[in-house]
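Novice: Protein chains in written order, with the working numbering: chain V, 1 to 256; chain A, 257 to 512.
Heads up, the beta-carbon is just placed ideally off N, CA and C, and yes, glycines get one too.
Okay, handing you the structure first.
Number of protein chains: 2
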Amino acid sequence: MRQQPLILITNDDGISAPGILHLSSIAQKFGDVFVIAPDKPQSGMGHAITINSTLRIQKTAHHKSAYAEFSCTGTPVDCVKMAVNKLLPRKPDLVLSGINHGSNSSINVIYSGTMSAAIEGSLEGTSSVGFSLCDYDINADFSATTVFVEKIISSCLKEPLPKGICLNVNFPKLKDDEINGLKICRQAKANWVEDFEERQDPYGRSYYWLTGKFVNFEPEAQDTDEWALKNGYVSVVPIMHDFTAHPYINHLKNTL
Amino acid sequence: MRQQPLILITNDDGISAPGILHLSSIAQKFGDVFVIAPDKPQSGMGHAITINSTLRIQKTAHHKSAYAEFSCTGTPVDCVKMAVNKLLPRKPDLVLSGINHGSNSSINVIYSGTMSAAIEGSLEGTSSVGFSLCDYDINADFSATTVFVEKIISSCLKEPLPKGICLNVNFPKLKDDEINGLKICRQAKANWVEDFEERQDPYGRSYYWLTGKFVNFEPEAQDTDEWALKNGYVSVVPIMHDFTAHPYINHLKNTL
């Protein structure tokens, strides 16, 4: 293997999704691309790992630009752990996740398998980026993402991200010439107001589908990822995996 | 229903686990207890939600102290969403998750279904606490937790936690008289060094079990949850769901 950058790629939509094919085709310009991704869609899996069940991997051939690729029966986080600890010849220089079909901005980061894979990459001590396009369509047009993905890969290879921080990058559903550029943001305060659609199975028993409506609690704030996306920018949010609410520690010391 | 506090209880070990039975028996002293928990163990599920599949719920009768209880085919986060948006008569006053069989201190918070349920509770705008005992044994002794669980429930009902913050409470595996008290801490910098144990199935094909070794990167730091637990304290870490690495935003603005 050439000693050029080693780039690990995964996603949560599955190894043959158009978004990950687009990502690997860009990444191969920067180094050796190793792909391991779920063998089926794993959207909404968050930071789940497989500990009550076994894992299997299989060589696949979806990515022309990868020097090796595997599908895995596990979650996106399992894929990163499996690659880093079992399959890769050395620690990767970059972990890329996506490009997800659908937004992972704001609070979606917490449910996102795509972003959890990137967070896991940063936990393993590697610069990591999750990419998502705000378009759930399987035939979504990823072409406008290329120049920005290239810029971010190039930047992360030149100056690695600090330990414990990864990037959450979301693309608006726009054409090249409609995008205003990159915008560094914070995660918007938002939530899903859920509804559970109740249906009857053919045997008369109830079952439920989780549905919901996204609500941005601060639509006016201009430093959030939601604002950036609505205003034609590619949003970039640095994400950390220290979940401690540091400013609240002192208050708690006085009340508990 | 009496208008006393409404307390929602869930976990990730499943609705009949000893830890959740102990928790509901304590909580009933403070209000009306509503239990909804997974119908099977969901450890390691992180913030996973069920969007590619359906959900079912079923009335159960494991908790003598609950006014209503349901098992759910989904994840811990699904349970909280289902309760808050579909089953409860009003917004709960408190969401409690656990008591987990096994530690959720430090980086374990990211993989933990128990803590994800608590984080989801805080996302829904309710004071939420996840409890875990550092003992994986199904026959673990939960008796030493009682007085601390009572203290924390009482405190959260008296003064609700700020929006967006929940508590991660871990108990050392010690007897009543061996515990030094509560200690407010931050999440220790730590990680799992994974190994994938490779085995052969009866048909000669490889499969893997995820295993690993926990490594605390800062064993000397006395303000972490790991230190507290090792030194006989109950650790309490305030956890937030804004994952933005705020201090890094300005640097990123200059480099990307």
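Quick one: is V/Met1 buried, meaning 16 or more other Cβ sit within 10 Å of its Cβ, or exposed?
Specialist: The sequence position of residue 1 of chain V within the first sequence is 1, counting from 1. Low local confidence applies: a pLDDT of 46 at V/Met1 is under 50, so the model's placement there is unreliable, and no value is given.
Novice: How many whole angstroms separate the CB atoms of A/Ile307 and A/Thr266, which I take to be in contact at a CB cut-off of 8 angstroms?
Specialist: In the second sequence, counting from the first residue as 1, residue 307 of chain A sits at position 51. In the second sequence, counting from the first residue as 1, residue 266 of chain A sits at position 10. Wrong, their Cβ atoms sit about 19 angstroms apart, outside the cutoff.
Novice: Any idea if A/Val471 is buried or exposed, counting beta-carbon neighbours within 10 angstroms, 16 or more meaning buried?
Specialist: Indexing the second sequence from 1 puts residue 471 of chain A at position 215. Classification for A/Val471: exposed.
Novice: With 16 other CB atoms within 10 Å as the buried threshold, where does V/Ala61 fall?
Specialist: For the purposes of this step, residue 61 of chain V is taken as the residue at position 61 of the first sequence. When all chains shown are included, V/Ala61 counts as exposed.
Novice: Counting C-beta neighbours from all protein chains within 10 Å, is the total for V/His22 16 or more, i.e. buried, or is it exposed?
Specialist: For the purposes of this step, residue 22 of chain V is taken as residue 22 along the first sequence, with counting starting at 1. Result: buried.
Novice: What do you get for V/Ser154, buried or exposed, if any count of 16 or more other CB atoms within 10 angstroms of its CB means buried?
Specialist: Looking up residue 154 of chain V in the first sequence gives position 154. By the neighbour-count rule (16 or more Cβ atoms within 10 Å), V/Ser154 is not buried but exposed.
Novice: Cβ atoms of V/Thr73 and V/Asp265: under 7 angstroms apart, would you say?
Specialist: Absent from the model: residue 265 of chain V. The displayed extent of chain V is 1 to 256, so no value can be given.
Novice: Does the segment 416-428 of chain A come close enough to the segment 493-509 of chain A to have 3 or more Cβ pairs within less than 8 angstroms?
Specialist: yes
Novice: Run the CB neighbour count on A/Ser399, radius 10 Å, all protein chains shown included, and call it buried at 16 or more, exposed below.
Specialist: Counting from 1 along the second sequence, the entry for residue 399 of chain A is found at position 143. The residue is exposed, with fewer than 16 neighbouring Cβ atoms inside 10 Å.
Novice: Would you say A/Phe452 reaches chain V, if we count a Cβ-Cβ gap shorter than 7 angstroms as a contact?
Specialist: In the second sequence, counting from the first residue as 1, residue 452 of chain A sits at position 196. Taking 7 angstroms as the CB threshold, A/Phe452 lines the interface with chain V.
Novice: Leaving aside the five residues before and after A/Ser327 along the sequence, list all residues of the same chain whose C-beta is less than 6 angstroms from its C-beta, in chain order.
Specialist: Residue numbering aside, residue 327 of chain A sits at position 71 when the second sequence is read from its first letter. Counting only Cβ-Cβ distances below 6 angstroms, and skipping sequence neighbours, we find Ile271, Asp295, Gln314, Thr316.
Novice: From A/Lys486 to A/Leu413, what does the alpha carbon distance come to, in whole angstroms?
Specialist: As a working note, residue 486 of chain A is residue 230 in the second sequence. As a working note, residue 413 of chain A is residue 157 in the second sequence. Roughly 29 angstroms separates the two Cα atoms.
Novice: Which whole runs of the alpha helix (DSSP H) in the segment 455-480 of chain A are 4 residues long or more, in chain order?
Specialist: Within the segment 455-480 of chain A, no complete alpha helix (DSSP H) run reaches 4 residues.
Novice: So with Cβ pairs under 7 angstroms, would you call V/His101 a contact of chain A?
Specialist: Position 101 of the first sequence, counted from the start, is the residue given in the question as residue 101 of chain V. No, no contact with chain A.
Novice: Indicate whether A/Gly460 and A/Tyr367 have their beta-carbon atoms separated by less than 7 angstroms.
Specialist: Residue 460 of chain A sits at position 204 when you count from the first residue of the second sequence. Residue 367 of chain A sits at position 111 when you count from the first residue of the second sequence. No, the Cβ-Cβ distance between A/Gly460 and A/Tyr367 is not below 7 angstroms.
Novice: Leaving out five residues on either side along the sequence, give the residues of the same chain with a beta carbon under 8 angstroms from the beta carbon of A/Tyr464.
Specialist: Position 208 of the second sequence holds residue 464 of chain A. Here the set comprises Phe452, Glu453, Glu454, Arg455.
Novice: Helix, strand or coil: which one does DSSP assign to A/Val493?
Specialist: Sequence index remark: in the second sequence, residue 493 of chain A carries index 237 (1-based). Strand at A/Val493.
Novice: With a cut-off of 8 angstroms on the beta carbons, I'd call V/Ser97 and V/Pro76 a contact; round off their distance for me.
Specialist: As a position in the first sequence, residue 97 of chain V is number 97, starting the count at 1. As a position in the first sequence, residue 76 of chain V is number 76, starting the count at 1. Correct: roughly 7 angstroms between the Cβ atoms.
Novice: Can V/Leu6 and V/Asp93 be called in contact, C-beta distance under 7 angstroms?
Specialist: Locating residue 6 of chain V in the first sequence gives position 6, where the first residue counts as 1. Locating residue 93 of chain V in the first sequence gives position 93, where the first residue counts as 1. Yes.
Novice: Taking 7 angstroms as the limit between beta carbons, can you name the residues of its chain near A/Ile505, skipping five residues before and five after?
Specialist: For the purposes of this step, residue 505 of chain A is taken as the residue at position 249 of the second sequence. Closer than 7 angstroms at the Cβ level, and outside the excluded window around A/Ile505, lies no residue.
Novice: Taking Cβ to Cβ, would you say A/Lys445 is nearer than 7 angstroms to A/Phe473?
Specialist: What you label residue 445 of chain A is simply residue 189 of the second sequence in a count that begins at 1. What you label residue 473 of chain A is simply residue 217 of the second sequence in a count that begins at 1. It is a contact, given that the beta carbons lie within the stated cut-off.
Novice: Please list, in chain order, all residues of the same chain as A/Asp391 whose beta carbon is under 6 angstroms from its beta carbon, the five residues on each side excluded.
Specialist: To locate residue 391 of chain A, count along the second sequence from 1; it is residue 135. If we look at A/Asp391 and ignore the five residues flanking it on each side, its Cβ neighbours are Lys429.
Novice: For V/Glu178 and A/Arg346, I'd like the C-alpha separation in whole angstroms.
Specialist: The residue given as residue 178 of chain V occupies position 178 in the first sequence. The residue given as residue 346 of chain A occupies position 90 in the second sequence. Spanning the two alpha carbons is a distance of roughly 45 angstroms.
Novice: Output needed for V/Phe34: all residues of its chain with C-beta closer than 8 angstroms, excluding positions within five of it in sequence on either side, in chain order.
Specialist: Translated into the one-based positions of the first sequence, residue 34 of chain V becomes position 34. So the list reads Leu6, Ile7, Leu8, Ile9, Ala66, Tyr67, Ala68, Glu69, Ala83, Leu87, Leu88, Pro92, once near-sequence residues are dropped.
Novice: Sort A/Asn510, A/His502, A/Asp498, A/Leu512 by Cα distance to A/Ile375 and report the nearest one.
Specialist: The residue given as residue 375 of chain A occupies position 119 in the second sequence. Checked all of A/Asn510, A/His502, A/Asp498, A/Leu512; the closest Cα to A/Ile375 is A/Asp498.
Novice: Using the beta-carbon of each residue, which ones in chain A are nearer than 9 angstroms to V/Trp227?
Specialist: Counting from 1 along the first sequence, the entry for residue 227 of chain V is found at position 227. Per Cβ cutoff of 9 angstroms: no residues; V/Trp227 is ~14 angstroms from chain A at best.
Novice: Mind listing the chain V neighbours of A/Glu415? Cutoff is C-beta to C-beta under 8 angstroms, in chain order.
Specialist: What you label residue 415 of chain A is simply residue 159 of the second sequence in a count that begins at 1. Ordered by position in chain V, the residues that pass the 8 angstroms Cβ test against A/Glu415 are Thr255.
Novice: Can you pull the chain A neighbours of V/Tyr208, defined as C-beta to C-beta under 8 angstroms?
Specialist: The residue you call residue 208 of chain V lines up with position 208 of the first sequence. The answer, in chain order, is Thr310, Leu311, Arg312, Ile313, Met338, Lys342.
Novice: Can you check DSSP and say which residues form a bridge with V/Arg186?
Specialist: In the first sequence, residue 186 of chain V corresponds to position 186, counting from 1. Answer is V/Thr224, bridged to V/Arg186.
Novice: Could you list which residues in chain V have their beta carbon closer than 7 angstroms to that of A/Ile421, in chain order?
Specialist: What you label residue 421 of chain A is simply residue 165 of the second sequence in a count that begins at 1. Correct list: Ala245, Tyr248.
Novice: I'd like to confirm the pairing. Which residues does DSSP put opposite V/Ser24 in its beta bridges?
Specialist: Taking the first residue of the first sequence as 1, we reach residue 24 of chain V at position 24. Paired residue(s): none; V/Ser24 is not in a bridge.
Novice: Nearer than 6 angstroms: is that true of the beta carbon of A/Ile363 relative to any heavy atom of the ligand SAM?
Specialist: Among the components of this structure there are no ligands whatsoever, and the ligand SAM is therefore not found.
Novice: Name the chain A residues that come within less than 9 angstroms of V/Ile239, Cβ to Cβ?
Specialist: Numbered from 1 along the first sequence, position 239 holds the residue referred to as residue 239 of chain V. Correct list: Phe499, Thr500, Ala501.
Novice: Flag this pair as yes or no: are the beta carbons of A/His319 and A/Ser280 separated by less than 7 angstroms?
Specialist: Here residue 319 of chain A is taken as the residue at index 63 of the second sequence, counted from 1. Here residue 280 of chain A is taken as the residue at index 24 of the second sequence, counted from 1. Going by C-beta atoms, A/His319 is nearer than 7 angstroms to A/Ser280.
Novice: How close, in whole Å, do the beta carbons of V/Asn100 and V/Gly19 come, if the pair is a contact with beta carbons under 8 angstroms?
Specialist: Here residue 100 of chain V is taken as the residue at index 100 of the first sequence, counted from 1. Here residue 19 of chain V is taken as the residue at index 19 of the first sequence, counted from 1. Contact holds; Cβ gap of about 6 angstroms.
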